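Visitor: Next up is a structure, given as structure tokens.
Number of protein chains: 2
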Amino acid sequence: MSKHAIAIIDDHLLFAQSLKGLINTFDHFEVTHEANNGQTFIDILNKASRLPEIALMDMNMPIMDGVETAGWLQKNFPSIKVLALSMDDDENSILKMIRNGAKGYLLKDIHPDILLEALNSVLKEGFYHTKRVSDTLVGSLHSDAKKKTDIKLQERELEFLKLASTEMTYKEIANVMSLSPKTIDGYREQLFKKLEVKNRIGLVIYAIKNKIV
Amino acid sequence: MSKHAIAIIDDHLLFAQSLKGLINTFDHFEVTHEANNGQTFIDILNKASRLPEIALMDMNMPIMDGVETAGWLQKNFPSIKVLALSMDDDENSILKMIRNGAKGYLLKDIHPDILLEALNSVLKEGFYHTKRVSDTLVGSLHSDAKKKTDIKLQERELEFLKLASTEMTYKEIANVMSLSPKTIDGYREQLFKKLEVKNRIGLVIYAIKNKIV
DNA sequence: TGAAAAAAGGGGATTTTTCCCCTTTTTGTT
DNA sequence: AACAAAAAGGGGAAAAATCCCCTTTTTTCA
């Protein structure tokens, strides 16, 4: 029987290469595709003769991150099962990834045995969910957790948010953006409502947590 | 000839184990010690019969981080050469690590060949410095870069800084800390000077960048 | 092609933050 | 015992941020 084809998409080459070695020691798996970000992976897939069965996908990557890439795969190569590989078990990250079709969400601090278990499970059951992920999924059904994902920010809002996450005053921000301070007032209040924060500190925390700055 | 003993200190088990596999494929190296944070590593060393020659040290770890551990090693086991392994090439991190005796600073996105090169270089030359690290070191000699490391914050200041990095007003913070708002004023101004920031946004950015929150 | 959304701006008031100037008490260290 | 540092607090004023209320113009999209 031929081995199951695994793809690794991760910008940390040292990790990717090491992990490749590890997976290749697993009896029924072999790493057949490697990419250092989502865009590269897409390019590889588009001229590949063989497709991977499972894609081990890092979350934080330059150019095209894990969430975006997972969404693209869901549309264009739905047969490829995405297993997210992340460093932080942030609720929002988990939800975004699962909503974009990921079959599982693993933390990088797990034991290699768990990875093997997850790979097998994804092939047989179609998914692998740790308790943490299940809990998050259940929790997201109740309460107000729905709103928190998929907040779309306008270009101008994003520009402002980045500048608001510096030590500039609003007057200075208005100058940089060539706007009236009153317009800045408007963007601020808009973002306060949209992001459900009470003040500029909340904006900064949001921006950093969502890797906008 | 026996192989050179390498220790891996990293809380990301999957990475640590994978890396171990990779290093064990290098001709003259083998992984002899593993720990998931600095404290664990110290415990292991204190009852080890054999010492590692090189310690591959992650920066961000729970309980005891890479900088602290490197400092401890410098005092207690100066023969062990520390090679920092980090995800971000933040100038402050590099400086802190080098000042605590690290012989090199590698990013996790390097090619495995570079790791091998670094290991060999540390053994032969006593150090391995990428261009980025050298540049940072040179840059730190000039200008005001000296001040930015080793800023010691008091317990109370740290408490305040954490609360200042939330959406609370200073009045609310004063209540939580059971202090007069005027005392909070004092701590704030003190931190502004100490951290060289202009306003509360600067405090939040500092706190997040230095993993205080 | 017309309504909705986005972008830009204003008046005016209140609250919060920032920034000086200080004092007292406690704690730690030669 | 003496001095330095840390912890706590105050008066007062200026600047910045917050929060309502609005209007106009341009873009987008069904």
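Residue numbers (the working numbering), protein chains in the order written: chain A, 1142 to 1354; chain B, 1142 to 1354.
The beta-carbon is built from N, C-alpha and C at its ideal position, and this holds for glycine as well.
Given the structure is predicted, the values throughout are model-derived calculations rather than measurements.
Of all the CB atoms in chain B, is at least one closer than 9 Å to the CB of Lys1293 of chain A?
Guide: Numbered from 1 along the first sequence, position 152 holds the residue referred to as residue 1293 of chain A. Lys1293 of chain A does not count as touching chain B.
Visitor: Just checking: is the beta-carbon of Phe1301 of chain B within a distance shorter than 9 Å of some beta-carbon in chain A?
Guide: Against the second sequence, residue 1301 of chain B aligns to sequence position 160. By this cut-off, Phe1301 of chain B is not an interface position.
Visitor: What's the gap between the Cα of Ser1143 of chain B and the Cα of Glu1171 of chain B?
Guide: Here residue 1143 of chain B corresponds to residue number 2 of the second sequence, with the count starting at 1. Here residue 1171 of chain B corresponds to residue number 30 of the second sequence, with the count starting at 1. In a straight line, the C-alpha of Ser1143 of chain B is about 9 Å away from that of Glu1171 of chain B.
Visitor: If you draw a straight line from the C-alpha of Gly1242 of chain A to the C-alpha of Glu1258 of chain A, how long is it?
Guide: Here residue 1242 of chain A corresponds to residue number 101 of the first sequence, with the count starting at 1. Here residue 1258 of chain A corresponds to residue number 117 of the first sequence, with the count starting at 1. One C-alpha to the other measures close to 20 Å.
Visitor: For the beta strand (DSSP E) holding Val1338 of chain B, just list the boundary residues, first then last.
Guide: As a working note, residue 1338 of chain B is residue 197 in the second sequence. From DSSP, Val1338 of chain B is part of no beta strand (DSSP E); its letter is neither H nor E.
Visitor: How long is the line joining the alpha carbons of Leu1155 of chain B and Gly1327 of chain A, rounded to whole angstroms?
Guide: The residue labelled residue 1155 of chain B in the question sits at position 14 within the second sequence. The residue labelled residue 1327 of chain A in the question sits at position 186 within the first sequence. About 47 Å.
Visitor: List, in order along the chain, the chain B residues whose C-beta lies closer than 7 Å to that of Gly1141 of chain A?
Guide: Here chain A comprises residues numbered 1142 to 1354, so residue 1141 of chain A is not present and cannot be evaluated.
Visitor: Can you tell which of B:Leu1264, B:Leu1226 and B:Leu1192 has the C-alpha that lies nearest to the C-alpha of Val1208 of chain B?
Guide: Here residue 1208 of chain B is taken as the residue at index 67 of the second sequence, counted from 1. Checking every option, the nearest Cα to that of Val1208 of chain B belongs to B:Leu1226.
Visitor: Under 9 Å Cβ-Cβ, which residues of chain A neighbour Phe1156 of chain B?
Guide: Taking the second sequence and counting its residues from 1, the one referred to as residue 1156 of chain B is at position 15. Correct list: His1153, Leu1155, Phe1156, Ser1159, Leu1160, Lys1249 and Asp1250.
Visitor: Which residue from B:Arg1191, B:Met1202, B:Asp1229 and B:Lys1303 puts its Cα closest to that of Phe1218 of chain B?
Guide: The sequence position of residue 1218 of chain B within the second sequence is 77, counting from 1. Checked all of B:Arg1191, B:Met1202, B:Asp1229 and B:Lys1303; the closest Cα to Phe1218 of chain B is B:Arg1191.
Visitor: Any beta carbon of chain A sitting closer than 9 Å to that of Ile1195 of chain B?
Guide: Residue mapping note: residue 1195 of chain B aligns to position 54 of the second sequence, counting from 1. False, the Cβ-Cβ gap to chain A never drops below 9 Å.
Visitor: CA-CA distance, Ser1159 of chain B and Ser1159 of chain A?
Guide: Here residue 1159 of chain B is taken as the residue at index 18 of the second sequence, counted from 1. Here residue 1159 of chain A is taken as the residue at index 18 of the first sequence, counted from 1. Answer to the nearest angstrom: the Cα atoms are 5 Å apart.
Visitor: Between Pro1253 of chain B and chain A, is any beta-carbon pair separated by less than 9 Å?
Guide: By 1-based counting over the second sequence, the position of residue 1253 of chain B is 112. Closer than 9 Å to some Cβ of chain A, the Cβ of Pro1253 of chain B qualifies, so yes.
Visitor: Which chain A residues are close to Val1274 of chain B, counting only those with a beta carbon under 9 Å from its beta carbon?
Guide: Residue mapping note: residue 1274 of chain B aligns to position 133 of the second sequence, counting from 1. The contacting residues do not exist; Val1274 of chain B stays about 16 Å from chain A at best.
Visitor: Say yes only if the C-beta of Asn1316 of chain A is nearer than 8 Å to one or more non-hydrogen atoms of the ligand NAP, and no if none qualify.
Guide: This structure lacks the ligand NAP, and indeed carries no ligand of any kind.
Visitor: Could you compute how far the alpha carbon of Ile1325 of chain A sits from the alpha carbon of Leu1320 of chain B?
Guide: Walking along the first sequence from the start, residue 1325 of chain A turns up at place 184. Walking along the second sequence from the start, residue 1320 of chain B turns up at place 179. Distance between the alpha carbons of Ile1325 of chain A and Leu1320 of chain B is about 34 Å.
Visitor: Consult DSSP for Ala1225 of chain B and reduce its assignment to one of helix, strand or coil.
Guide: Taking the second sequence and counting its residues from 1, one reaches residue 1225 of chain B at position 84. The answer is strand: DSSP assigns Ala1225 of chain B an E or B state.
Visitor: I want to verify the contact list: residues of chain B whose CB lies under 9 Å from the CB of Ile1346 of chain A, in sequence order.
Guide: As a position in the first sequence, residue 1346 of chain A is number 205, starting the count at 1. Those within 9 Å of Ile1346 of chain A in chain B are Ser1306, Thr1307, Glu1308, Val1345, Ile1349 and Val1354.
Visitor: Identify, in the order they occur along the chain, each residue of the same chain with its Cβ nearer than 8 Å to the Cβ of His1153 of chain A, setting aside the five sequence neighbours on each side.
Guide: Walking along the first sequence from the start, residue 1153 of chain A turns up at place 12. Answer for His1153 of chain A: Asp1199, listed in chain order.
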